[in-house]
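The opening position of the sequence shown corresponds to residue 3 in my numbering, with each subsequent residue numbered one higher. C-beta atoms are modelled at their ideal positions from N, C-alpha and C, and glycine is treated no differently. Everything below concerns the one structure shown next.
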Amino acid sequence: MAKQTILLVDDEPDILEFIGFNLMQAGYDVRSANNGREGLELALEIKPDLILLDVMMPEMDGVAVGRQVVKRLGSSVPKMILLSSSNQQHDGTTLQQSGFCRSVTKPIVQSEFLEILLQAVRQSDPFRHGSANATPSR
3 MAKQTILLVD DEPDILEFIG FNLMQAGYDV RSANNGREGL ELALEIKPDL
53 ILLDVMMPEM DGVAVGRQVV KRLGSSVPKM ILLSSSNQQH DGTTLQQSGF
103 CRSVTKPIVQ SEFLEILLQA VRQSDPFRHG SANATPSR
């Protein structure tokens, strides 16, 4: 069985390193980008199983990247999780319409975060874009 691929898009090198290391240790193929535009290009090229997107990034924010992924990949949209800081509020309906299955607030608690990611990767259809069962959180 091939490793599942997770695309991590964040402009903070420490976050890329922390999350990337933990996901690789958990057995995932991790690709990363340090801005929204680069993340969008990589998402379209590799079509990962899951995309983790920071909200605030140079060149294109995470929500805009999510919308473009949905627009360009149509029915083959990967699961997407939005990473936000504690002072950024996001409406669950808007996130779902933008293709996100949920959001996770930074700072990240390692054990909780890994469990959220593992659940998202293990799930199939319930986390796909447009599913009535997807429940974004704030």
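Residue pairing of L54 in beta bridges, as defined by DSSP: L10 and I83. For A35, the enclosing beta strand (DSSP E) stretches over residues D31 to A35.
Contact check for V32 against G22 passes: the beta carbons are separated by less than 8 Å. DSSP places V111 outside both helix and strand once states are collapsed to three, so it counts as coil. DSSP, reduced to helix, strand and coil, places S100 outside both helices and strands of the structure shown, so it counts as coil. A direct Cα-to-Cα measurement between K73 and K5 gives close to 26 Å.
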